[in-house]
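Working notes for the structure below.
Numbering (the numbering used here), first residue to last: 926 to 1514.
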């Protein structure tokens, strides 16, 4: 806040000491600096983007106050400076019309010249039109409480809290500022994988620019809300935009209509966090209106601009790319080490941590906090623990993307790919999984949801944290008996399930690399692995996928359903795949 301005002196004595006692939250931080000029006093606050003007009965007798008023209003016009007028036992209409004690006239041979008086009258008219607080009667303490509540609400940055230790934001500021100030786009759509920092960037935009707008609203985690909760979000958005009393929204369409009306009247900065469907957008902002407001959405859906093709809204997309090695190291170090602490001896451990996180800011923050101030031995133990068991605080964030997949078939395909097909040719996987999982189209949907990627050489790729999350979902199906899970991919577990016949009808897929398993057992001093034959596999004809690797030979074991003219016949197909080459052989049905 720039300063609190008032006149005459008795207000400084009676009014301000009480205000100072109540207005002491950290967001205000008042610094008193008394200045005497013809009996006027003011209190200056150590913030530079807002002013409180106290208009008392004798306010217009002070040339200094009138000059400062002109300066404040210039800042309001040029810099979106926030102004709160307090009409202290005066009628705002008297200020607007310069009536009563607010009449000002030219005084010869003084600074009350014709030019100055015209300028001051214009300023009084403008400030009288600004919505403020009026103190006419009643206890001052109650009025002061109301004023302080307004100040605290305006300055309270809890809802636009921007976390510390931000890394990489400066590279995005130019694009953000261009969108805010010059772009014709109403909407800034930030998309990327879970944990990539989409919400953090949105809050950074609000934290840096909220004072340029009349109102601010942040609606969090919209994707998980029910229809009833969507109406509650509409109510919150309406209250935030118009800064008024609570409103009851009786239906979603009524709420949308009210929001559109509010956006036409107010210049608002809005964040819609975690948008999943177009229906949510339509309910919260309608189909587009002429407005000065700016709307930020975060989503895991790439190509989100397609949501606005049938509306009047104009959208600018921004991909939330993962951090490079330099920024990743900086962010991890901010959480893992004390400021200026030496990292000698931690170089290899840091590299291991960076490989685990793969540029994901959430993972870097969580892992860095876990490693904070730890010894090298502690780092070694913690990293091993993370690599063996996926941490719950990461899973709770990442799993929302899985839960929000619209169909069960998408979830099952995602788990199949995460467990068996990362690094495999996309066309090949579509052939293997296509009949049961509509793989061709659903792989596109998973890619658009930032859960999957296709490399330039057509290989299916997935961030290792998403893969670890997917495999944790399967592990949670049975912690003690792998044969009761839907998918078995660890070689030792797969071998035991097959040899000891511990599988169940739950198993949909199994993978086994005999060569790797044999080397692991020899290294551990265990007995040589048993040889497998297809008679062992034949008892598992319920499996949708069975993959057994003998040196450089992969055998796919898959349930296929072929609809004949009169019946449905189930038969087994063996898909023999050589590395770098693919062949398909069907057994006799």
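Where is the CB? At the ideal position from N, CA and C, for every residue including glycine.
Here the structure is a predicted model, which means the values were calculated and not measured.
In this structure, residue 1307 places its C-beta atom within 8 angstroms of the C-beta atom of residue 1299. Shortest Cα-Cα distance from residue 1056 to any of 1099, 1139, 1032, 1127 involves 1139. Counting only residues of its own chain and dropping the five nearest sequence neighbours on each side, residue 1291 has a CB closer than 8 angstroms to the CB of 1316, 1318, 1319. Nearest Cα to residue 1194 within the set 1182, 1168, 1177, 1012: 1168. In the three-state scheme derived from DSSP, where H, G and I count as helix and E and B as strand, residue 1224 is classed as strand. Scanning the segment 1176-1228 from its first residue to its last, the whole beta strand (DSSP E) runs of 3-plus residues come out as 1193-1200, 1219-1224. A straight line joining the alpha-carbon of residue 1348 with that of residue 1171 spans about 53 angstroms.
In this structure, the CA atom of residue 1356 is about 37 angstroms from the CA atom of residue 1150.
The DSSP assignment places 1058-1060 as complete runs of the beta strand (DSSP E) inside the segment 1033-1061, in order along the chain (cut-off: 3 residues). For residue 1241, DSSP records a beta bridge to 1113. Each residue's CA atom was taken as its position, placing residue 1092 and residue 1191 some 33 angstroms apart. Assignment of residue 985 by DSSP, reduced to helix, strand and coil, places it in the helix class. For the pair residue 1420 and residue 1444, the Cα-to-Cα distance works out to about 14 angstroms. For residue 1339 and residue 1353, the gap between their C-alpha atoms comes out near 16 angstroms.
The bridge partners DSSP lists for residue 1412 are 1434. Counting only the Cα atoms, residue 1372 lies some 11 angstroms from residue 1365.
In summary, residue 1036 is exposed, with fewer than 16 beta-carbon neighbours lying within 10 Å of its beta-carbon over all protein chains present. Taking a 10 Å sphere around the C-beta of residue 1129, we find 16 or more other C-beta atoms and assign the residue as buried. The shortest C-alpha to C-alpha distance from residue 1245 to any of 1279, 1123, 1205 is the one to 1123. In this structure, 1049 is the residue among 1203, 1049, 1020 with its C-alpha nearest to the C-alpha of residue 998. Contact annotation: residue 1374 and residue 1226 have beta-carbon atoms nearer than 8 angstroms. Note that the C-beta distance between residue 1223 and residue 1199 is below 8 angstroms.
Burial check for residue 1178: the Cβ neighbour count within 10 Å stays below 16, so the residue is exposed. The beta-bridge partner set that DSSP reports for residue 1009 consists of 977.
With contacts defined as CB atoms closer than 8 angstroms, residue 1253 and residue 1284 qualify as a contacting pair. Within its own chain, the residues whose Cβ lies closer than 6 angstroms to the Cβ of residue 1230, once the five positions on either side in sequence are excluded, are 1240, 1242, listed in chain order. Cβ contact annotation for residue 1113 (same chain, cutoff 6 angstroms, sequence separation greater than five): 1104, 1221, 1241, in chain order. Taking the Cα positions, residue 1322 is about 7 angstroms away from residue 1119.
Checking the DSSP bridge columns, you'll see residue 1141 partnered with 1194. Separation of residue 1334 and residue 1362 (C-alpha to C-alpha, rounded to the nearest whole angstrom) is 6 angstroms.
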